[in-house]
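In terms of this note's numbering, the sequence shown opens at residue 170 and continues consecutively. Note that beta-carbon positions come from the ideal geometry of N, C-alpha and C, so glycine has one too. Structure first, then comments.
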Amino acid sequence: MKGLLIKDFFCLKKQLINYLFVIVGVIVVSILFVLSYNFGNIHAQFTQLIDSGESTEAGVTMIASNVLLLFMLIPIACTGDITNLITDDEKASFYKVASALPVSVSIRVASRFLAGYLFIAIGVVVDVIMSMVISSLTGIISLEKFCGVVISFASIMILYVSLFLLLVYVLGKGKTTYAGVIPLLAGVIVYGWVHFDRLRAFLMDNNDDALMEIYQRTTGFMFYRSYLLLLAAVVVSFAAYTAAVWIAKRKRGVA
């Protein structure tokens, strides 16, 4: 499996190089934002908004926390793109070589899943370091909440990668784009279904409180109940791997 993982990370070489620049940029911008929020222009603008009555301290804090959460999302979101891993194998017809290797189908499938999870793990490490640095510079969000967000984002990406890889085996060669889009659409549908009543109130009745409730419920879930997403990610990833192995053993040219 070690050789397969090395091959997979060579396929992800382009993403890793781009990811390095993304990491540096996100860390620098995040620290600059926090410093400006505490002492610079952003602090002055937010203070002016509070003094003029256009916003409250709670509102300003929410805006700042949203920005930081966005920064936290970027490193892990970038690690979810493993399409090159599939497309490069398809272009090289690697399955022909793989079938001649003294490696079982289950191990070949496991190497793909593990490569995706290790890529996500890199994003988790980066986000944890960012959380420790940012939480030490500001009190906008505590380290505990930051960690909850990291776990939530990582769990979502594990769910996405697991379903993406499963669909790669289900749909077969040349359907990588569809395999990447379907999990995203499914996630949007599930999220919309969970918050259907509030979304309808916001869209049909122009109820801004409904949108705020969606935000509060979403962030509250990430802060305090991220373990549920992690549990779901573990269950789905195991089920997706098992199903992918079953499919790969019955279809030729997919593993």
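Please classify Val294: does DSSP put it in a helix, a strand, or coil? helix
Let me know if Arg394 comes out buried or exposed under the rule of 16 or more other beta-carbons within 10 Å of its beta-carbon. exposed
For the alpha helix (DSSP H) containing Leu223, list its first residue and its last residue. The amino acid occupying residue 223 in the given sequence is Glu; Leu does not appear at that position. Note, Glu223: premise wrong, no alpha helix (DSSP H); not H, not E.
Our contact map puts Tyr329 next to Leu340 with C-beta atoms below 8 Å; I'd like the distance itself, whole angstroms only. The pair is not a contact, with the Cβ atoms about 16 Å apart (cut-off 8 Å).
Could you give the uninterrupted runs of the alpha helix (DSSP H) lying entirely in the stretch 182-216, keeping only those of 4 residues or more? 182-208
Given Tyr396 as reference, the closest of Ala409, Glu313 and Tyr360 once Cα atoms are compared: Glu313
Local conformation of Asp366 per DSSP, three classes: helix
Met381 to Tyr286, Cα distance in whole Å? 33 Å
Straight-line Cα distance separating Asp220 from Leu185: 45 Å
Could you pull out every residue in the same chain whose Cβ sits closer than 7 Å to the Cβ of Leu399, ignoring the five residues on either side in sequence? Ile320 and Ser324
Would you mind sorting Asp366 into buried or exposed? The rule is 16 or more other CB atoms within 10 Å of its CB. exposed
With a threshold of 8 Å, are at least 3 pairs of Cβ atoms found where one atom belongs to the stretch 243-252 and the other to the stretch 290-305? yes
For Arg394, three-class secondary structure by DSSP: coil
Pairwise C-alpha distance: Leu336 and Thr345: 8 Å
Counting only the same chain and skipping the five closest in sequence on each side, list residues whose C-beta sits under 6 Å from that of Val198. none
Could you give the first and the last residue of the continuous alpha helix (DSSP H) run that contains Val330? Leu312 to Leu340
Short check: CB of Phe208 to CB of Val229, under 8 Å? no
Thinking just about the alpha-carbon of each residue, which of Phe288, Ser234, Leu237 and Gln217 is nearest to the one in Leu254? Phe288
Rounded distance between the beta-carbons of Ile310 and Val203, thought under 8 Å: About 10 Å separates the two Cβ atoms, so there is no contact after all.
Enumerate in chain order the residues of its own chain whose CB-to-CB distance from Met391 is below 7 Å, with the five nearest sequence positions on each side excluded. Gly317, Val318 and Ser321
By the three-class DSSP mapping on this structure, what secondary structure does Ile351 have? helix
Thinking just about the alpha-carbon of each residue, which of Gly308, Asp250 and Thr387 is nearest to the one in Ile327? Asp250
Would you tell me roughly how many angstroms separate the C-alpha atoms of Val359 and Ala227, rounded to the nearest one? 30 Å
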